[in-house]
Structure formats: C-alpha cells, structure tokens
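Structure record follows, encoded as structure tokens.
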Amino acid sequence: MSKFWSPLVKSLVPYVPGEQPKMANLVKLNTNENPFGPSPKVIEAIQSELNDSLRLYPDPEGESLRQTIAGYHNVKPEQVFLGNGSDEVLAHIFYALFQHGQPVLFPDVTYSFYPVYCGLYNIEGKTVPLTDSFEINPEDYKQPNGGIIFPNPNAPTGRYLGLEHVEAILQANSERVVVVDEAYVDFGGESAIKFVNQYPNLLVCQTLSKARSLAGLRVGFAIGHPDLIDALNRVKDSFNSYPLDRLAQAGAQAAYEDHEWFQKSCEGVISERERVTKSLESLDFEVLPSKANFVFARHKERSGGSLAKELREKGIIVRHFNKPRISEFLRITIGTPEQNDALIAGLKSL
Ligand SMILES: *Cc1c(COP(=O)(O)O)cnc(C)c1O
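Going by my numbering, the first residue of the sequence shown is number 61, and it counts up by one from there.
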C-alpha cells in the first residue's frame, strides 16, 4: 500500500487468474484453454496483417468482424458489441447497465470476476445460492435487483441451465438487464442469443477464448438490443476506442469463417469430456454433469486441496478453489487425449 493510492484502490480485491507456469512439459489443465489450438486459417489471417498497415489505427468499430458475428448468429451488426476479451465486455456491462441502486444478483458459486467488478465500480452484489445439486433455480431470481448475471453453462460447476429456465428469469425481470455469460456454450449448450429480439432486457456475452481456442488473442462480444449495445459503446468510447487491434480483428474473423475447424474442436472436447468423466467416476469421483470444456469433480475420500497439490508434484496442474461449498472439488480442464490419459494415470497412482 502507498500514500499515493486512491481510497478505492486500497479497498479493491482483484481477480486472481489461474496460473500460467513457465515450466516445460506440464499437463496444464487449470485455465480452460482449448487443447486443440486455433484454426490454421486464423494464423494465416494474422500473418497477412503483419505489414506496414500496423502504423494505422484499427477500425474502432470492428465493422467487418461485427458483420461476420452478426451473420453467424442471425442478428444485426448494431446488436453486436466487441471487446478485448469478454472480461472487458463484462466490465463495461457492470458499469453501463448495473447501476440501479439495488444489488446485482449472481450465483454463490460462479465466475469470481463478478464480485470484483462490483468492487471496482462500487456496485452492490448479492449472491444467490445454487441448489444442493449446484443448479441455478430460476425461482430464486424473483427478488428486487439491479440486474442479474450468470454463466451458462455455469463456471466452475459446468452445469447448464435449460433455455426455458433462462426465459423464466427474463420474464420475471423485464425491468432489469439479465446477462447470460456464454463462455462455454459451444460445448453442448444452446445459446440464448435466439431470444434477443424477443427480450430487450437480455444481453448475451460470448468469447473466442474457449471454443475458438483464441485465449491469447483477447476477443469477446455481447449481443442484445441496440439500446443495450449503445450503452456499452458509450462506455467503450469513454475508455478506449480501440479495444481490438488489427491482428485480433483479422484473426477473430477468420475463426468464424472456419466452421469446420470449430466444429471438430468442440466435438473433440465433448467426446474427451465424456471419457474423462467415466474414468473419474471409476476412480470414485463424483462428477457434476458438464456442458463445458472442464469437469468439476470431488473424490469420495480424498480432499480436493491435497489431490491438487499431489497432482502438481507430478506436473499436472488443475484448479482448486479454497472457497465455501466447493473446497473439496477440482476443476479439471479437458485436454488432449494424451493429457487426459496423463491425468487419469496420475490420479490412479495417488
Ligand atoms: C473464460 C471466461 C470468461 C472470460 O473470457 P475472456 O474472453 O478470455 O476474457 C468470461 N466468463 C467466464 C464464465 C469464463 O469462464
């Protein structure tokens, strides 16, 4: 702490990202990166942008990429907002749309960035407990609020909420913005984007970090009613007009144009997820049903903390959250078949 810090900075509790260790040959299953890598067409598109045009600012609106994403999701370009990773999009959402003097609701077990944004922007947050089986109950979201946000599938549980339940939350909260953070939706869920023209209070957030294997490029977006997108643009243009650089815009566009790669990569993750789930169950783990590129599992006897530590000694990194309700769980990213084999072998030897 320093005397130069603002009172707000003194009070901040920042987000702690999963570690990115520098050691070689790790089996890295801790940050939900996609093991199959980006499409070769993405690499080509980025390489073709590596020229003198880098002296010029990028398109501040990302017009071409917005058109591509809008076409893919069957909405209008003015319904798409782009950001430097969906984390940035989420930050702008909190600032632009959640300041209503009432608490923002989110699950007690969820993406830990939400309470951090509340702290940054001085917004009151209120956690809503998941059920005993770690599911979202729409009935619990029928209470006064300043906005609602939840991931679907949820993280770190991996559990997916059927769209009829998402609709129930939207209908019960027509005076507030409901944000569905769909970082993992392509691994077996169905997107709520199809509701955006029906519900002007719905904003859906997605990222290219997970299913499109571009965590290093930093591209995310939100889709919703143009009025909501306008609000986000007002914040963006008061903060940083160029959140997506030229390479990111070119690479992201190419990722959307290679549908086959995307589909194969999602199918690969899903089939490995089913295999890892069965193996874990045969080793006496309880595994929550997952529609994400990770599983959330606890062992019937061994503690989550000690398993994570012992796996680490074998060069296998998984995520353990020392938090109420979930301290016995491990969140394990689905890796390549070889990485998953190493995980299972490592667990067997413990
Ligand atoms: C990974 C993740 C994000 C962030 O994605 P970026 O686009 O890489 O910033 C947002 N929400 C949830 C729930 C995530 O798991």
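C-beta: ideal position from N, C-alpha, C; glycine also.
Go ahead and label residue i buried or exposed: buried means 16 or more other beta carbons lie within 10 angstroms of its beta carbon, across all protein chains shown.
{"i": "aspartate 287", "result": "exposed"}
{"i": "glycine 131", "result": "exposed"}
{"i": "proline 100", "result": "exposed"}
{"i": "alanine 357", "result": "buried"}
{"i": "asparagine 182", "result": "exposed"}
{"i": "alanine 164", "result": "Here the sequence assigns valine to residue 164, which means alanine is not the residue at that position. Per the 10 Å Cβ criterion, buried."}
{"i": "glycine 145", "result": "buried"}
{"i": "glutamate 398", "result": "exposed"}
{"i": "arginine 385", "result": "exposed"}
Among all the DSSP beta bridges, which residues are the ones paired with residue i?
{"i": "valine 264", "result": "Val240 and Ile283"}
{"i": "histidine 359", "result": "Phe345"}
{"i": "lysine 186", "result": "Leu165"}
{"i": "threonine 170", "result": "Threonine 170 pairs with nothing; no bridge assigned."}
Beta-carbon separation of residue i and residue j under 8 Å?
{"i": "proline 223", "j": "glutamate 250", "result": "One point to set straight first is that residue 223 is leucine, not proline, in the sequence displayed. Yes, the Cβ-Cβ distance between leucine 223 and glutamate 250 is below 8 Å."}
{"i": "cysteine 326", "j": "phenylalanine 247", "result": "yes"}
{"i": "glycine 122", "j": "glutamine 266", "result": "no"}
{"i": "lysine 270", "j": "asparagine 92", "result": "yes"}
{"i": "histidine 285", "j": "proline 260", "result": "yes"}
{"i": "glycine 207", "j": "valine 176", "result": "no"}
{"i": "leucine 72", "j": "leucine 180", "result": "yes"}
{"i": "cysteine 178", "j": "phenylalanine 154", "result": "yes"}
{"i": "alanine 312", "j": "leucine 274", "result": "yes"}
{"i": "asparagine 90", "j": "valine 279", "result": "no"}
{"i": "glutamate 138", "j": "isoleucine 289", "result": "yes"}
By Cβ distance below 7 Å, which residues in the same chain neighbour residue i in space, the five residues on each side in sequence not counted?
{"i": "histidine 152", "result": "Gly143, Leu292, Val295 and Lys296"}
{"i": "phenylalanine 172", "result": "Here residue 172 turns out to be serine, not phenylalanine, going by the sequence shown. Within the same chain, serine 172 has close Cβ partners Tyr75."}
{"i": "histidine 380", "result": "Gly364, Gly365, Ala368 and Leu390"}
{"i": "lysine 136", "result": "Ala130"}
{"i": "methionine 61", "result": "Lys70"}
For residue i, which residues from the same chain have a beta carbon less than 6 Å from its beta carbon, with the 5 sequence-adjacent residues on both sides left out?
{"i": "proline 95", "result": "Gly395 and Thr396"}
{"i": "tyrosine 414", "result": "A query on residue 414 cannot be resolved here, the shown segment of the chain reaching from 61 to 410 and no further."}
{"i": "aspartate 318", "result": "Ser99 and Lys101"}
{"i": "asparagine 197", "result": "Thr191"}
{"i": "leucine 407", "result": "Leu343"}
Can you name, in chain order, every residue of its own chain whose Cβ lies under 8 Å from the Cβ of residue i, other than the five neighbours on each side?
{"i": "aspartate 200", "result": "Val188 and Pro189"}
{"i": "glutamate 388", "result": "Arg358, His359, Ser363 and Gly364"}
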